[in-house]
Amino acid sequence: MDPIEALRSAIAKNKKLERKDGNVVIGMHVFPAKTITCMKKLQAYEKKESVKETSYYALDCIFYFWEVFSKDESLDHASYTLQCVDNGVDTVSFPQKDALLSYLKGKESSCIYFDTSAPFRYVKPQFEGATTASAASDGSAPAGTKTIQNYKRMRAILGNEKIYETRSKVIAVDGRSDFLEALDLIRHEEKSSHGGEDWKGRMNVNMNFNPEEGFLTQPLGRETKPAQEAIVLVAPAAGSNVITMYNVEEFISKGRYVPSEEIRKKNPQKPQDVIIEHSVEGKVIRFRFTDNPARFSVDDWHNVVCVMAGMQSWQFRGWRYNNPSVLFSKVLGVFIWFSEMAIPEIVKGYNVKTVYINRDIRNMDSVARVQFWDLVEKMIKTKKMDLLK
1 MDPIEALRSA IAKNKKLERK DGNVVIGMHV FPAKTITCMK KLQAYEKKES
51 VKETSYYALD CIFYFWEVFS KDESLDHASY TLQCVDNGVD TVSFPQKDAL
101 LSYLKGKESS CIYFDTSAPF RYVKPQFEGA TTASAASDGS APAGTKTIQN
151 YKRMRAILGN EKIYETRSKV IAVDGRSDFL EALDLIRHEE KSSHGGEDWK
201 GRMNVNMNFN PEEGFLTQPL GRETKPAQEA IVLVAPAAGS NVITMYNVEE
251 FISKGRYVPS EEIRKKNPQK PQDVIIEHSV EGKVIRFRFT DNPARFSVDD
301 WHNVVCVMAG MQSWQFRGWR YNNPSVLFSK VLGVFIWFSE MAIPEIVKGY
351 NVKTVYINRD IRNMDSVARV QFWDLVEKMI KTKKMDLLK
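Number 240 in the UniProt record's numbering belongs to position 240 of the sequence shown; there are no gaps in the numbering.
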């Protein structure tokens, strides 16, 4: 559970919020005050720094921000900064104020400063009731008494356990103590179990065949297993987008960026679909790229795992999910852009991951390609594992 999400939910439901004994109490959950959140500090966000805990705000900082501005939204930043110093918490930068406040109030579904891919983002909260459960059960028993009672209960549980095998007993085969001898016995058993088998018996077929006869790839009367349906990824329509249907195969399959205009001069015909094979969990999967999801059925949309966002406001017109907020809550959103250029304003409002391509350095293209596939695989493993079956 992300602490900022828990805080936003508690605010919407008017639940209990307080700082207590170095913790932040959010409803029935208790988080350590210095829990790292997914919100990047302004300097780290602008410089696109690598993932470090110091690049993110701690929970007590976000909590105190809400505590101050929920009472007086018009409070000047200088006064807020002084209060933060007095309370020993970091200050949320002034340019980030409106975006964070809108998210906590429920006006926006996300915040552009959130980095949901941070590896240390999620923490398992404690329940507030856990800290008072034992006190409620036995009144005001001293801490030492509770510790002794817990120890006695644990000892009683462990006393019922029975050890049937130990490491020494497993390795001691027929009185031998040498582990290598045990391995030799295992190898000998494997050879004896397979050595006497002949191919005729193992294959369960008659090996006496006529060389003049033809061969069937599949016995008659047996149904062939249908080919696995391709996983769908939606590419942006042509235009000023970095990746389109013209160059998506060069970049995604070969890890090489070639401008769409350059490919279109050689072959003006835009491909309707591009099929690319990629290995996921050791299994080769077919991925289908298209830029026309308006013709998709409900089953087609179930197979969609990623939409590559473009810069056109009309991109989602006619789609099953034409609202970007709804769309990117159901599928992975990826925006591929040049690292030397600022992200367009229209894309900043989308809940998408950004993959950067260097306009001039081609040997960095393979890095961007790996980043893209990492995002897609993570989406499949967390929300679309049924597509791998």
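All residues carry an ideal CB built from backbone N, CA and C; glycine is no exception.
Give me the Cα-Cα distance between residue i and residue j, rounded to the nearest whole angstrom.
i	j	result
Glu108	Val258	37 Å
Pro236	Gly22	48 Å
Ser279	Lys97	43 Å
Asp386	Lys20	44 Å
Ile252	Ser79	50 Å
Ile285	Val232	11 Å
Ala12	Glu53	28 Å
Leu375	Thr382	11 Å
Ser313	Glu46	25 Å
Ser297	Val24	46 Å
Glu250	Asp291	16 Å
Ser70	Pro32	22 Å
Ala6	Leu104	10 Å
Ser55	Arg8	21 Å
Ser134	Val367	Its pLDDT being 42, under 50, Ser134 is placed unreliably by the model, and nothing is read from it.
Arg288	Ile62	42 Å
Lys16	Glu277	51 Å
Trp66	Gly106	13 Å
From the DSSP output, in three-state form, read off residue i for me.
i	result
Tyr57	strand
Arg320	coil
Cys84	helix
Lys389	coil
Arg359	coil
Phe335	strand
Met154	helix
Lys384	coil
residue 390	The question about residue 390 has no answer, for the chain in this structure spans 1 to 389.
Pro32	strand
Val376	helix
Val258	coil
Leu185	helix
What does DSSP give as the partner residue(s) for residue i in the beta ladder?
i	result
Glu277	Arg286
Lys40	Tyr56
Phe114	Met39
Arg19	Val24
Pro245	As written in the sequence, residue 245 is Met, which differs from the Pro given in the question. Bridge partners of Met245: none, in fact.
Lys97	In the DSSP output, where bridge partners are listed per residue, Lys97 has none listed.
Thr354	Phe335
Met308	Val334
Ile346	Looking at the DSSP assignment, Ile346 forms no beta bridge with any residue, so it has no partner.
Residues in the same chain with beta-carbon distance under 6 Å from residue i, minus the five sequence neighbours each way, listed in chain order, please.
i	result
Tyr321	Leu327
residue 416	An answer regarding residue 416 cannot be provided, because it is not within the stretch 1 to 389 covered by the chain.
Lys270	Met245
Ser260	Thr244, Tyr246 and Asn247
Arg256	Glu250 and Asp365
Glu223	For Glu223, the pLDDT reaches just 46, beneath the cut-off of 50, and the residue's location in the model is therefore unreliable, leaving the point undetermined.
So, at 7 Å on beta carbons, what are the nonlocal neighbours of residue i in its own chain, with the 5 sequence-adjacent residues on each side left out?
i	result
Ile112	Ala99 and Lys348
Arg359	Phe338 and Glu340
Tyr57	Thr37, Met39, Lys41, Asp90 and Val92
Asn241	Gly310 and Met311
Leu82	none
Excluding sequence positions up to five away, which residues of its chain have a Cβ less than 8 Å from the Cβ of residue i?
i	result
Leu388	Val280, Glu281, Lys283, Ile285 and Ile380
Gly129	Bear in mind that a pLDDT of 49 at Gly129, under 50, signals an unreliable position, so the model cannot answer this.
Lys266	none
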